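*Asks:* Residue numbers (full-length UniProt numbering), protein chains in the order written: chain B, 1 to 499; chain E, 1 to 199.
Structure below; questions to follow.
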């Protein structure tokens, strides 16, 4: 780390190669802005070569020019304990962030940046996400030096030791390294339902088109009925199902490896540094005091393989749903021991599963009504209106069995575990998730009851945190009210900040 | 706090219970605001339907059905709104605020003062004419967990705001400062920047 003595008090520019990254951004924006025109011109009958040439020229030259101007006008420096960024070509913008407001400094790299050996520095502040700052093109050493300079104050405030001793690349022994084997295991065992649904929808729509095509183009009815005899049809269906299964596996595997390749968790001062990704490398810092909720999930296969999926939800901004997703970090494929170490670090102590609360059996009735009776009767009514598509009704028995099984297992797994220090909500039919949160992270509580539930004294409870909501129900309403009172008492008496 | 849960459950019985709190109903004038809103929406619908009947001949045979459905919806809306008005109630306790609302499903929301981000008061045109205001209590828990109490007398709303803000401030005096309210010094923000430059 020889470059740590860069003088940040002087206005700095990004690396010259930043022009290309700025250009790429500007180019992307131009294409997006001109997209309707491009589409219209491609669809129009009169194709004039010169027109394309001019458009392409404008986009390219304009993009380059803007990239360069943006690069020229993008400067930053540290003055009087404040990080100041100036940018903008016509509309000049000046952003000042007091150093002690900086929450995180992340160093990332996307594909283009990797090609150019550049890094991106992202400065995260508490408060509105609008003040988030990204510097798109600096060298590795520069990024590191800037990060250390920016974090100096954070560390000073938290009265932890010298951060100069902490250099990301070299010294730390990884706290957790997710091996390729674990990724493979996670890849082939996760997200079945989602990928399967997407693929099924895809095949059904293709099949419908095929069907239409055959009925319209082929006038020889005999030919079709000969061709589509029962054995053939069965074989065909078996083949499709098999194909869907294989594709599901492959897609999940590829997705998992692309996203989580070389996943490392490093302990750094009082926080965790996560880095992962095959094409885009992402680095994220997680500070335990910002963590609102931790979700541990696994399904039957993952239990056998001893892999868990840990999701960490940090306090997010109020309105930005985009940010909410970003604040949820996933650590795939950790084994039992690693999971426990993680939980202990993030939640200060190992959460225990305490007093279990079971849902009321009416939960199943309610869900059967919502997911079986209403959709099926709607579908039935629909087929009465349009008799041509009555064939769809064959799918109903399959649907009912499938959904009923899901509802039953979801009911069996649904639990709320309570200890004085933690609330654990368990849910899911196949993928079983455990959401773990400490009572002092609660922001508000809502109890809900439909008028017909008054007689049977059941209801739902919703716990709101800055990292997401937790719902539980239907369950004994008296018990839920008691819990609400207990948690309120805890929130109002425990002198701990939620962030 | 250190005991196992089985002990705690007996403790919880001794804790103050939110369900026993006598909730204050909304100001009776607020019902007028509700009536006004219903009247406005349904008269616009009625005018549209009337115009439709007059100008589109194909609608003639469905006249009765549409009118019947309209009356049904009007009655249902009135019933739901009146029940909802009667369920609504609020209470400001020493440490938290309680708000109950709903007709088909009744929900009670409770927010402790030490989790409140900020409080806002606003007045709609009709409510202002009647001297009423709405108070909103925001937390970091997202939109679903916020409380919005309509139909308060203006003076009452202002007093409540004073009370809650006072509670937050005294809390803050103890712990340094609130991160959200004292967020970064933001000058000109970069968000709109891109739109200006786009061509």
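We put the CB at the ideal spot given by N, CA and C, even for glycine.
This one's a predicted model, so the numbers in the text were calculated from it and none came from an experiment.
Are any of the Cβ atoms in chain B nearer than 9 Å to that of residue 89 of chain E?
*Replies:* no
*Asks:* Note down, in chain order, every chain B residue with its Cβ under 8 Å from the Cβ of residue 107 of chain E.
*Replies:* Going along chain B in sequence order, the residues near residue 107 of chain E (Cβ under 8 Å) are 446, 447, 448 and 449.
*Asks:* In this structure, does DSSP put residue 13 of chain B in helix, strand or coil?
*Replies:* Coil at residue 13 of chain B, not helix or strand.
*Asks:* Take residue 134 of chain E as the anchor and find which of E:96, E:38 and E:156 has the nearest alpha-carbon.
*Replies:* With distances taken between Cα atoms, residue 134 of chain E lies closest to E:156.
*Asks:* Could you please tell me which residues of the region 188-200 of chain B, in chain order, have their CB closer than 9 Å to any CB of chain E?
*Replies:* none
*Asks:* How many angstroms separate the CA atom of residue 355 of chain B from the CA atom of residue 425 of chain B?
*Replies:* 12 Å
*Asks:* So which of E:152, E:124 and E:148 has the shortest CA-CA distance to residue 36 of chain E?
*Replies:* E:124
*Asks:* Does the Cβ of residue 395 of chain B have 16 or more other Cβ atoms within 10 Å, making it buried, or fewer, making it exposed?
*Replies:* exposed
*Asks:* Looking at the structure shown, is residue 274 of chain B part of a helix, part of a strand, or coil, going by DSSP?
*Replies:* Here residue 274 of chain B sits in strand by DSSP.
*Asks:* Would you kindly work out how many angstroms separate the C-alpha atoms of residue 178 of chain B and residue 307 of chain B, rounded to a whole number?
*Replies:* 10 Å
*Asks:* I'd like the span of the alpha helix (DSSP H) that includes residue 45 of chain E, first residue to last.
*Replies:* 30-55
*Asks:* Tell me whether residue 439 of chain B is buried or exposed, calling it buried when 16 or more other Cβ atoms sit within 10 Å of its Cβ.
*Replies:* Buried is the label assigned to residue 439 of chain B, since at least 16 other Cβ atoms lie within 10 Å of its Cβ.
*Asks:* Please report whether the beta-carbon of residue 79 of chain B lies at a distance below 9 Å from any beta-carbon of chain E.
*Replies:* no
*Asks:* Below 7 Å on C-beta distance, what does residue 140 of chain E contact in chain B?
*Replies:* 315, 318, 443 and 466
*Asks:* Per DSSP, residue 124 of chain B forms a beta bridge with which residues?
*Replies:* Answer is B:104, bridged to residue 124 of chain B.
*Asks:* Could you tell me whether the region 266-286 of chain B touches the region 103-112 of chain B, using the rule of 3 or more Cβ pairs below 8 Å?
*Replies:* yes
*Asks:* Nearest chain B C-beta to residue 19 of chain E closer than 9 Å, yes or no?
*Replies:* yes
*Asks:* Per DSSP, which residues does residue 459 of chain B bridge with? Please list them.
*Replies:* Note: residue 459 of chain B sits in a beta bridge opposite B:475.
*Asks:* So, with DSSP's three-state summary, where would you put residue 415 of chain B?
*Replies:* DSSP places residue 415 of chain B in strand when its eight states are reduced to three.
*Asks:* Would you mind sorting residue 452 of chain B into buried or exposed? The rule is 16 or more other CB atoms within 10 Å of its CB.
*Replies:* Exposed is the call here.
*Asks:* Go through its chain and collect everything with a Cβ distance to residue 289 of chain B's Cβ below 6 Å, but skip five positions before and after it.
*Replies:* none
*Asks:* Is the separation between the beta-carbon of residue 63 of chain B and that of residue 30 of chain B shorter than 9 Å?
*Replies:* yes
*Asks:* Three-state secondary structure (DSSP) at residue 77 of chain E?
*Replies:* helix
*Asks:* With 9 Å set as the bound, which would you pick, yes or no: does the beta-carbon of residue 457 of chain B sit closer than that to a beta-carbon of chain E?
*Replies:* no
*Asks:* Where residue 63 of chain E and residue 72 of chain E are concerned, what is the direct C-alpha to C-alpha distance, given to the nearest angstrom?
*Replies:* One C-alpha to the other measures close to 14 Å.
*Asks:* Take residue 273 of chain B and list the residues in its own chain whose beta-carbon comes closer than 6 Å to its own, dropping the five residues that flank it on each side.
*Replies:* 266 and 285
*Asks:* Under 9 Å between C-beta atoms, does residue 168 of chain E make it to chain B?
*Replies:* Not closer than 9 Å to any Cβ of chain B, the Cβ of residue 168 of chain E fails to qualify, so no.
*Asks:* Quick check on residue 197 of chain B: does DSSP put it in helix, strand or coil?
*Replies:* helix
*Asks:* Determine the DSSP secondary structure at residue 295 of chain B, reduced to helix, strand or coil.
*Replies:* Three-state result, residue 295 of chain B: strand.
*Asks:* Assign residue 101 of chain E to buried or exposed, taking buried as 16 or more other Cβ atoms, counted over all protein chains shown, within 10 Å of its Cβ.
*Replies:* buried
*Asks:* Rounded to whole angstroms, what's the CA-CA distance from residue 84 of chain B to residue 21 of chain B? Just pull it up for me.
*Replies:* 21 Å
*Asks:* Going by the beta-carbon positions, is the gap between residue 114 of chain B and residue 74 of chain B smaller than 9 Å?
*Replies:* no
*Asks:* Pull up the distance between the alpha-carbon of residue 14 of chain E and that of residue 486 of chain B, whole angstroms please.
*Replies:* 10 Å
*Asks:* Sorted by chain position, which residues of the same chain lie with C-beta nearer than 7 Å to residue 322 of chain B's C-beta, five sequence neighbours on each side aside?
*Replies:* Note that residue 322 of chain B has pLDDT 47, beneath the 50 cutoff, so the model's placement of it is unreliable and the number below is only indicative. Counting only Cβ-Cβ distances below 7 Å, and skipping sequence neighbours, we find nothing.
*Asks:* Residues of chain E with CB under 8 Å from residue 181 of chain B, in chain order?
*Replies:* What residue 181 of chain B touches in chain E: nothing, since even the nearest Cβ is about 38 Å away.
*Asks:* Only counting the same chain, and skipping five residues up and downstream in sequence, which positions put a Cβ closer than 7 Å to that of residue 147 of chain B?
*Replies:* Around residue 147 of chain B, the same chain offers 105, 107 and 121 as residues with beta carbons nearer than 7 Å, after the five sequence neighbours per side are excluded.
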